[in-house]
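Inspection log for the structure reproduced underneath, given as structure tokens.
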């Protein structure tokens, strides 16, 4: 060492910086979310007998029993934890989300837990029931006439308010721990353990962000299951067409009429490579299947659950034609009480031009007698 010079090493820490207070806040926020998680039991797995398919068992994973009433409760929890651990949330800064309603309800719930302002950017056509629930949890609905503008409007609000745009459509597939950690796939396989066909032949989900489908597809590959994943898309959506063509630049100038699923653009969380088959379900058939399922369960379910029932029936028809036996698990996304003034209102259905009775009869014929579905269902990979 040169004796004419002295050197010193210093450790740069955050101990005396404002950031240390942020770490303390993040730690407490995560504790609050984890404590909330421990207060709830797992969601139910409900069998739905299908007399027309005696060798195939159908189950619905009932995500409507979450505290905020939908599958999106899982996503919102994951998004908040992801944002906290990435340092994106700050005390008092607004959280903004683009949503068709259900994710916004769940995020409003978690924002209230943490004492954060929440703004939900949604299409003006979002049901009154969903808007009321967001307000119940302290959120502020921000409605836009053009459903394709919810992204840009969310970015603008976040930029101008100094808040954070949660962006479920980008982060859904990466915020969820798809290997395990109480994700929906792990829950399904655990609950199926004692059924006669313990390993499902098919898992059925419908894409909103694409995140749940990505979790299912990744999990069955990671755990080396033979289970296949079928994704059931809405009529006014580009996911099916992207799956068929590989074109991620596809766009529509209108939004989906089945709230919670279907998008006018291909979202970043939609991963075709982990999907084994897709169907595109006409909206009228989705709503007819929803009404049939509600009759069978004795309670109302959402429109996307009808879409998933059609997807499950398509899988069952495929299995039966191949002489296969096994089980199918579909997602029951949310309760139909959110759609009392739309999907379950006869006047609204008439105004939209929906005549559901013949289609309800067709769904019943498929479930109860194994009859085919209307040829208007588009299929790829099945």
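Residue numbers (the working numbering): 666 to 1047.
Idealized CB from N, CA, C, for every residue including glycine.
Alpha-carbon to alpha-carbon, residue j and residue i
{"i": "residue 1013", "j": "residue 1006", "result": "7 Å"}
{"i": "residue 940", "j": "residue 893", "result": "8 Å"}
{"i": "residue 905", "j": "residue 959", "result": "26 Å"}
{"i": "residue 976", "j": "residue 797", "result": "31 Å"}
{"i": "residue 867", "j": "residue 970", "result": "16 Å"}
{"i": "residue 889", "j": "residue 865", "result": "13 Å"}
{"i": "residue 899", "j": "residue 968", "result": "10 Å"}
For residue i, the first and last residue of its enclosing alpha helix (DSSP H)
{"i": "residue 1031", "result": "1022-1034"}
{"i": "residue 893", "result": "Residue 893 -> not in any alpha helix (DSSP H); beta strand (DSSP E) instead, spanning 893-898."}
{"i": "residue 983", "result": "968-986"}
{"i": "residue 835", "result": "833-840"}
{"i": "residue 796", "result": "793-801"}
Among the options, nearest to residue i - alpha-carbon criterion
{"i": "residue 785", "options": "779, 815, 705", "result": "815"}
{"i": "residue 996", "options": "835, 798, 709, 859", "result": "709"}
{"i": "residue 793", "options": "766, 774, 771, 783", "result": "766"}
{"i": "residue 1015", "options": "690, 949, 993", "result": "949"}
{"i": "residue 693", "options": "854, 962, 755", "result": "755"}
{"i": "residue 759", "options": "975, 703, 822", "result": "822"}
{"i": "residue 695", "options": "744, 1033, 885, 811", "result": "744"}
{"i": "residue 944", "options": "982, 915, 962, 1009", "result": "982"}
{"i": "residue 783", "options": "704, 804, 916", "result": "804"}
8 Å contact criterion, which residue i and residue j should meet: CB distance rounded
{"i": "residue 891", "j": "residue 936", "result": "With a Cβ gap of about 20 Å, residue 891 and residue 936 do not count as contacting."}
{"i": "residue 1002", "j": "residue 1044", "result": "Actually they are not in contact, since the Cβ atoms of residue 1002 and residue 1044 sit about 32 Å apart, beyond 8 Å."}
{"i": "residue 813", "j": "residue 727", "result": "Contact flag wrong, Cβ pair sits at about 32 Å."}
{"i": "residue 897", "j": "residue 973", "result": "6 Å"}
{"i": "residue 1019", "j": "residue 978", "result": "Not really, about 20 Å apart at Cβ, beyond 8 Å."}
{"i": "residue 741", "j": "residue 772", "result": "5 Å"}
{"i": "residue 736", "j": "residue 724", "result": "Rounded, the Cβ-Cβ distance is 15 Å, inconsistent with contact."}
{"i": "residue 850", "j": "residue 885", "result": "7 Å"}
Residue i: first and last residue of the uninterrupted beta strand (DSSP E) it sits in
{"i": "residue 1013", "result": "Premise fails: residue 1013 lies in the alpha helix (DSSP H), 1011-1016, not in any beta strand (DSSP E)."}
{"i": "residue 762", "result": "760-763"}
{"i": "residue 943", "result": "942-945"}
{"i": "residue 992", "result": "991-997"}
{"i": "residue 859", "result": "Careful: residue 859 lies outside any beta strand (DSSP E) and carries neither H nor E."}
{"i": "residue 608", "result": "Residue 608 is absent from the structure shown; the chain starts at 666 and stops at 1047."}
{"i": "residue 767", "result": "It is not in any beta strand (DSSP E) - residue 767 instead sits in the alpha helix (DSSP H) that spans 767-779."}
Heavy atom of the ligand SAM within 7 Å of residue i beta-carbon
{"i": "residue 687", "result": "Only the bare structure without any ligand can be found here, which leaves the ligand SAM out of the picture."}
**Study point:** Cβ pair count under 8 Å reaching 3, the stretch 711-723 against the stretch 692-703
**Key:** These segments do not touch.
Exercise for review: Check whether the stretch 828-842 touches the stretch 743-753, taking contact to mean three or more Cβ pairs, one atom from each stretch, closer than 8 Å.
Suggested key: They touch, by the three-pair rule.
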